[in-house]
Amino acid sequence: MGTPDKREKQRKRLRSVESAAIAGVIYAVLAVAALVILTRFPALTLSNADLTAWFDSIEHQAALILGLNLAAVSAIAFLWFVAVIRRRIGDREDRLFATVFLGSAIAYVAIWLVGAAVLAAPAVAMTISDTGTVNRETATLASGLAAALILVVAPRIQAVFILTTSTVILRTRVLPKWLAYYGYLTALIVFTVPLVSQPTGFGLPAYVLVVSITILVIKPKTQNAGPMS
Numbered sequence: 005m006g007t008p009d010k011r012e013k014q015r016k017r018l019r020s021v022e023s024a025a026i027a028g029v030i031y032a033v034l035a036v037a038a039l040v041i042l043t044r045f046p047a048l049t050l051s052n053a054d055l056t057a058w059f060d061s062i063e064h065q066a067a068l069i070l071g072l073n074l075a076a077v078s079a080i081a082f083l084w085f086v087a088v089i090r091r092r093i094g095d096r097e098d099r100l101f102a103t104v105f106l107g108s109a110i111a112y113v114a115i116w117l118v119g120a121a122v123l124a125a126p127a128v129a130m131t132i133s134d135t136g137t138v139n140r141e142t143a144t145l146a147s148g149l150a151a152a153l154i155l156v157v158a159p160r161i162q163a164v165f166i167l168t169t170s171t172v173i174l175r176t177r178v179l180p181k182w183l184a185y186y187g188y189l190t191a192l193i194v195f196t197v198p199l200v201s202q203p204t205g206f207g208l209p210a211y212v213l214v215v216s217i218t219i220l221v222i223k224p225k226t227q228n229a230g231p232m233s
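Count the sequence shown with our numbering and you get residues 5 to 233, in order.
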């Protein structure tokens, strides 16, 4: 049995770990949901009139705006996840990895939000404008720019974040080693896959979900993490 102060510190540490895990789960679920909703974009083979009618549909507008809102909330949850993880590591955090860890997280959030906003932009424009129209060129530009951001640029930033997080896990031993090795494999796949496809956008949410579930399962053991080597 420890002293009251020690037990209180342990409880605070445990609550911090739980906060990170919960934020990670929220991010993973909402990010996947947002990506699925936002990528339900109309076929670019439609005529200009059909594209305008598609985006003028209240149902389609609501879906895309919902996807944008989910993306925004997922970004907040992700930043909370990152902040709590950094707090958990504390003084054991290496400055080099700390910079890359935080920088890649912020860069990813910016890319994710811009890409989501671009996909939802035509629906938002049609919502606030009664006389707006959407032509094939506009839809193609929005779809192409968003795909370039979310499915090409973002996965590379995700890979850097996962790689850095895995290295921190391995060096601080705050989580099992297998999780770091799983992260290295995930980062390698996400970084090297050249395909512009929706599954590449699920790399980081899947990794964060696994980390969060692991934190929840082994939370009593995280209190004895060793210092960074």
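Yeah, the Cβ is synthetic: ideal placement off N, Cα and C, and Gly gets one too.
Proximity to residue 35 across 79, 90, 178, 45 peaks at 79, based on C-alpha coordinates. By the criterion of a C-beta distance shorter than 8 Å, residue 222 is surrounded in its chain by 179, 180, once the five residues flanking it on both sides are discounted. Around the Cβ of residue 25, a 10 Å sphere holds 16 or more other Cβ atoms; the residue is buried. DSSP places residue 61 in no alpha helix (DSSP H); its state is neither H nor E. Contact between residue 174 and residue 184 holds, since their C-beta atoms are separated by about 4 Å, short of 8 Å. Its Cα nearest to that of residue 196, the residue 163 stands out among 205, 206, 163, 131.
Shown here for residue 81: same chain residues with a beta carbon closer than 7 Å to its own, the five before and five after excluded, namely 27, 30, 31, 34 in chain order. In this model, residue 56 and residue 149 are separated by some 19 Å (Cα to Cα). In the structure shown, the three-state DSSP call for residue 178 is coil. Closest option to residue 85, judged by alpha-carbon separation, among 58, 46, 23, 133: 23. Looking at 205, 72, 133, the one whose alpha-carbon comes closest to that of residue 117 is 72. In this structure, residue 120 places its C-beta atom within 8 Å of the C-beta atom of residue 38.
A direct Cα-to-Cα measurement between residue 102 and residue 177 gives close to 16 Å. At the C-beta level, residue 105 and residue 165 come within 8 Å of one another.
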